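Asker: If you scroll down you'll find the structure; I have some questions about it.
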Amino acid sequence: MLEELFAKPVGFFLIVMAIILVTPLISERLRLPGIIGIIIGGMLIGPHGFGLLEDNDRIQFLSTIGLVYLMFSAGLEVDINQFMKVRARALVFGVITFIFPQLMGMGLGYILGLDWLGMILLGSAFASHTLIAFPILTKLGVTRNEAVAVTTGATVLTDIGAFIVLAVVLGADKGGLTFGYFAQLFILLALFTAAIIFGLPRFGKLIFQKLTGRAVEFQFVIVALFVAAFVAEVIGVHEVVGAFLAGLAVNSMLPRHSPVAGHVLFIGESFFIPVFLLYSGLITDPLTFLKSPETIVVAIGVTIVAYLSKLIAAWLTARIYKYTKAEFWTVYGLSHAQAAVTIPTLVIGLETGLFDATLFNAAILMILLTSITSPLIVQRFAPDLQTASADDEQTPLFGRVLVPVSEKNSEPLVALASLLSRSSKGKVLAVSVAQDKGPNGNNSLMLHKELLGKVNENLHDPEAAIELIPRLAATHAQGILHTAHEENASLIIMGWRGKRTFRESVLGSVLDEVIWGSDTPVVVGKLSLPLNSMQRVIFIVPAKAVPPIALRRMLEANFAIARALNVPLLVRADKSYVQTLEALFVAIEPEQEWKLEVLNDQLKPEKLEHEAVSDFIVLPGFGSRKRVQDTLGNIPEQVAKYFDGNLAILHFDK
Numbered sequence: 226m227l228e229e230l231f232a233k234p235v236g237f238f239l240i241v242m243a244i245i246l247v248t249p250l251i252s253e254r255l256r257l258p259g260i261i262g263i264i265i266g267g268m269l270i271g272p273h274g275f276g277l278l279e280d281n282d283r284i285q286f287l288s289t290i291g292l293v294y295l296m297f298s299a300g301l302e303v304d305i306n307q308f309m310k311v312r313a314r315a316l317v318f319g320v321i322t323f324i325f326p327q328l329m330g331m332g333l334g335y336i337l338g339l340d341w342l343g344m345i346l347l348g349s350a351f352a353s354h355t356l357i358a359f360p361i362l363t364k365l366g367v368t369r370n371e372a373v374a375v376t377t378g379a380t381v382l383t384d385i386g387a388f389i390v391l392a393v394v395l396g397a398d399k400g401g402l403t404f405g406y407f408a409q410l411f412i413l414l415a416l417f418t419a420a421i422i423f424g425l426p427r428f429g430k431l432i433f434q435k436l437t438g439r440a441v442e443f444q445f446v447i448v449a450l451f452v453a454a455f456v457a458e459v460i461g462v463h464e465v466v467g468a469f470l471a472g473l474a475v476n477s478m479l480p481r482h483s484p485v486a487g488h489v490l491f492i493g494e495s496f497f498i499p500v501f502l503l504y505s506g507l508i509t510d511p512l513t514f515l516k517s518p519e520t521i522v523v524a525i526g527v528t529i530v531a532y533l534s535k536l537i538a539a540w541l542t543a544r545i546y547k548y549t550k551a552e553f554w555t556v557y558g559l560s561h562a563q564a565a566v567t568i569p570t571l572v573i574g575l576e577t578g579l580f581d582a583t584l585f586n587a588a589i590l591m592i593l594l595t596s597i598t599s600p601l602i603v604q605r606f607a608p609d610l611q612t613a614s615a616d617d618e619q620t621p622l623f624g625r626v627l628v629p630v631s632e633k634n635s636e637p638l639v640a641l642a643s644l645l646s647r648s649s650k651g652k653v654l655a656v657s658v659a660q661d662k663g664p665n666g667n668n669s670l671m672l673h674k675e676l677l678g679k680v681n682e683n684l685h686d687p688e689a690a691i692e693l694i695p696r697l698a699a700t701h702a703q704g705i706l707h708t709a710h711e712e713n714a715s716l717i718i719m720g721w722r723g724k725r726t727f728r729e730s731v732l733g734s735v736l737d738e739v740i741w742g743s744d745t746p747v748v749v750g751k752l753s754l755p756l757n758s759m760q761r762v763i764f765i766v767p768a769k770a771v772p773p774i775a776l777r778r779m780l781e782a783n784f785a786i787a788r789a790l791n792v793p794l795l796v797r798a799d800k801s802y803v804q805t806l807e808a809l810f811v812a813i814e815p816e817q818e819w820k821l822e823v824l825n826d827q828l829k830p831e832k833l834e835h836e837a838v839s840d841f842i843v844l845p846g847f848g849s850r851k852r853v854q855d856t857l858g859n860i861p862e863q864v865a866k867y868f869d870g871n872l873a874i875l876h877f878d879k
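Heads up: the sequence shown at position 3 corresponds to 228 in our numbering, and the numbers run straight through without jumps.
See the structure below:
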């Protein structure tokens with residue numbers, strides 16, 4: 226009776242969601258990772274447990290989507306700049322952690338009496354690994370540790386290698402293993418990788434310029450993900466390869482901490498990835514050890530190869546690169562789990578007759594064991610990792626970002642404030658000032674509270690740290706300045722239309738009073754395009770605009786802006802600054818890609834119309850009103866006149 230009810234859509238969805246909800250809570254009570262609870266829950270409700278769910282097309286469909294999401298989220302969490310720094314090490318570890326399991330797996334296949342195609346396919350099943358414990362690293366905030374970045378980068382190499390082996394074996398099994406087939410596979414894979422990694426981010430930036438709205442952006446990312454996964458299947462490799470590459474591409478396409486990426490990951494991590502883990506448990510027969518002594522022997526051999534080969538690879542890599550004990554065990558814990566590539570490899574091996582049922586069941590049990598021990602090891606040692614990235618150090622300038630909210634297009638300013646504050650693990654202080662008209666006047670404070678209530682709704686980012694502050698003051702400028710002082714704001718972001726002078730009243734007297742009346746740094750922004758569409762930050766430093774003593778702070782702030790937007794930084798500076806800037810680049814050692822160009826002539830704003838509209842231009846302002854007038858003149862207004870993209874003036878009072 227229950228089996229029939231759970232076979233229907235409502236019953237099926239109910240039991241799946243109940244397992245996803247309850248089992249992680251029980252696991253965490255037992256001080257085990259929630260991943261283990263979901264896998265064991267799948268075993269209990271599956272055909273080898275209480276039989277509440279069958280291994281049918283419905284659960285296979287959802288688990289496939291979960292597998293795609295798992296590899297996509299792994300690619301999305303990779304820091305591209307960090308990966309480029311460790312790409313050589315990722316290649317070394319990828320080769321080591323592929324070769325040793327491949328050879329040891331082939332040796333086991335020889336002992337078990339497999340033919341040469343079966344031996345090669347069995348080796349490839351061990352050679353790959355699944356980042357099943359990666360959500361633990363994300364939760365701990367250590368995904369940018371070098372050892373983690375190396376392991377994550379090696380994943381795509383091992384998975385691609387394993388599926389190339391799978392494609393070759395299937396081609397040979399069908400009599401199609403020819404030089405032409407092999408060359409075609411490599412050429413298609415190389416073209417596909419280049420198209421995804423280099424083409425998708427550029428195409429996405431263009432789309433985000435034309436289309437606005439969180440729903441459209443979210444849908445574009447989802448379509449891009451599954452196009453990549455689908456094309457990967459078309460060219461003869463597994464969909465997880467396309468999903469991982471799509472994650473890397475979207476990673477470089479969107480700003481860090483982008484709400485769009487957060488929405489995509491939320492759906493995957495809250496439903497589809499847990500369904501894949503549940504399915505891994507559902508297809509496992511925990512009683513297989515009792516059914517056949519031969520299965521026990523094979524299972525022992527398979528398990529030894531799985532653990533030992535990955536242990537050797539992790540140990541060698543740790544010795545080569547002098548990783549700490551915590552890094553070594555985290556690398557091992559992360560890389561010895563077998564699921565994403567191993568399961569389809571085993572299924573295909575069974576269907577083609579290269580593997581028998583005994584080997585299949587033994588390998589499935591090995592997958593269960595590694596899926597349990599992987600998160601246990603990672604959870605034990607990952608908290609001791611150190612993330613030596615400047616991005617994990619708080620930038621004081623963006624610790625507490627104050628942004629005034631009004632009825633006129635405040636959403637871009639709040640979005641920028643959110644990106645900057647989240648890059649420094651800070652907070653946005655959204656203030657809406659109602660003018661105090663005395664006891665007999667209409668202060669409209671309630672209307673301003675309602676306006677603040679729409680901030681989170683418009684931002685569409687539930688993870689953003691935003692404090693909503695309604696304020697009653699004699700003037701708007703006083704309300705902003707007093708709030709900045711009382712709340713210890715580190716930066717104020719103001720809007721600017723760019724049509725009137727920067728030094729004089731732009732929004733009545735508000736902007737003028739805030740800039741020259743505040744000791745807090747101020748960013749004045751004319752934001753006309755979505756931040757997701759930005760491709761560069763251009764920091765322009767005209768002659769005498771910034772004294773050398775403040776140049777480092779200005780440069781660090783621009784690197785932080787570029788890092789938050791996840792784009793390179795181009796510094797165009799007067800030749801008098803070049804030597805100082807070159808020394809600062811060496812001292813700062815930025816992870817973000819950068820380039821320095823010399824302004825040989827005086828800045829000519831009319832030439833900026835030739836700049837790409839996707840550039841984010843930043844101009845510096847420093848000191849008193851008179852100093853800014855003497856050094857910048859009317860450059861901000863002229864830039865705003867000739868440049869249609871996003872423009873900001875970063876002003877330091879001292």
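Beta carbons: idealized from backbone N, C-alpha and C, even for Gly.
Every value quoted in this text rests on a predicted model; they were computed, and no experiment measured them.
Mind the definition here: the region 494 to 501 touches the region 653 to 661 only if three or more C-beta pairs lie below 8 Å; say whether that holds.
Answerer: Verdict: no, contact absent.
Asker: For the alpha helix (DSSP H) that Val-466 lies in, which residues bound it at each end?
Answerer: Val-466 -> alpha helix (DSSP H) spans 464 to 478.
Asker: Helix, strand or coil for Leu-342 per DSSP?
Answerer: Three-state DSSP puts Leu-342 in a helix.
Asker: At the level of alpha carbons, what is the spacing between Ile-498 and Asp-609?
Answerer: Distance between the alpha carbons of Ile-498 and Asp-609: 26 Å.
Asker: Quick check on the burial criterion: 16 or more other C-beta atoms within 10 angstroms. Buried or exposed for Gln-563?
Answerer: Under this definition Gln-563 is a buried residue.
Asker: Note the first and the last residue of the continuous beta strand (DSSP E) segment covering Ser-657.
Answerer: Where Ser-657 is concerned, the enclosing beta strand (DSSP E) stretches over 652 to 660.
Asker: Buried or exposed: which applies to Lys-820, given that a residue is buried once 16 or more other Cβ atoms fall within 10 Å of its Cβ?
Answerer: With fewer than 16 Cβ atoms within 10 Å of its Cβ, Lys-820 is classed as exposed.
Asker: Could you check whether Val-762 and Leu-794 sit closer than 8 Å to each other, using their CB atoms as the reference points?
Answerer: In contact: Leu-794 and Val-762 (Cβ atoms closer than 8 Å).
Asker: Can you tell which of Phe-784, Ser-753, Asp-878, Pro-484 has the C-alpha that lies nearest to the C-alpha of Asp-744?
Answerer: Asp-744 has its Cα closest to that of Asp-878, out of Phe-784, Ser-753, Asp-878, Pro-484.
Asker: Check Leu-872 in the structure and name its three-state DSSP category.
Answerer: Here Leu-872 sits in strand by DSSP.
Asker: What number of angstroms, rounded off, separates the C-alpha of Gly-319 from the C-alpha of Ile-508?
Answerer: So the alpha carbons of these two residues sit roughly 29 Å apart.
Asker: For the beta strand (DSSP E) that Glu-814 lies in, which residues bound it at each end?
Answerer: First-last for Glu-814: undefined, no H or E at that position.
Asker: Apart from the five residues just before and just after Leu-502, which ones in its own chain have a Cβ nearer than 8 Å to its Cβ?
Answerer: Once the five neighbours on either side are set aside, the close Cβ partners of Leu-502 are Ile-260, Ile-263, Ile-264, Gly-267, Gly-291, Ile-357, Ser-596.
Asker: Taking its Cβ as the centre, do 16 or more other Cβ atoms sit within 10 Å of Arg-788, making it buried, or is it exposed?
Answerer: With 16 or more Cβ atoms within 10 Å of its Cβ, Arg-788 is classed as buried.
Asker: Work out the CA separation of Phe-585 and Ala-453 for me, nearest whole Å.
Answerer: The alpha-carbon atoms of Ala-453 and Phe-585 are separated by roughly 30 Å.
Asker: Flag Lys-430 as yes when its Cβ comes closer than 7 Å to any non-hydrogen atom of the ligand NAP, and as no otherwise.
Answerer: The ligand NAP is absent from the structure shown, which contains no ligand whatsoever.
Asker: Residue ranges of each alpha helix (DSSP H) run of no fewer than 4 residues wholly in the region 479 to 504, ordered along the chain?
Answerer: Runs of the alpha helix (DSSP H) inside the region 479 to 504: 484 to 492.
Asker: For a test of the three-state rule: what should DSSP assign to Lys-820, helix, strand or coil?
Answerer: DSSP places Lys-820 in strand when its eight states are reduced to three.
Asker: Helix, strand or coil for Phe-877 per DSSP?
Answerer: Correct three-state label for Phe-877: strand.
Asker: Return the Cβ separation of Asn-871 and Met-779 in integer angstroms, given the expectation that the two are a contact with Cβ distance under 8 Å.
Answerer: About 18 Å separates the two Cβ atoms, so there is no contact after all.
Asker: Would you mind sorting Arg-314 into buried or exposed? The rule is 16 or more other CB atoms within 10 Å of its CB.
Answerer: The residue is buried, with at least 16 neighbouring Cβ atoms inside 10 Å.
Asker: Just to confirm before moving on: does the CB-CB distance between Val-566 and Phe-388 stay below 8 Å?
Answerer: It is a contact, given that the beta carbons lie within the stated cut-off.
Asker: DSSP state of Ala-216, grouped into three classes?
Answerer: Outside the shown range of the chain (226 to 879) lies residue 216, about which nothing can therefore be said.
Asker: What residue range does the beta strand (DSSP E) around Met-719 cover?
Answerer: First-last of the beta strand (DSSP E) with Met-719: 716 to 720.
Asker: Grab the span of the beta strand (DSSP E) containing Lys-751 for me, first residue to last.
Answerer: Residues 747 to 751.
Asker: Measuring alpha carbon to alpha carbon, tell me which residue in Phe-351, Leu-316, Phe-810 is nearest Met-329.
Answerer: The option with the nearest alpha carbon to Met-329 is Phe-351.
Asker: Just mark Arg-728 as buried or exposed, buried being the case when its beta carbon has 16 or more other beta carbons within 10 Å.
Answerer: Bear in mind that a pLDDT of 44 at Arg-728, under 50, signals an unreliable position, so the number given afterwards is only what the model happens to contain. Buried, because 16 or more other Cβ atoms sit within 10 Å of the Cβ of Arg-728.
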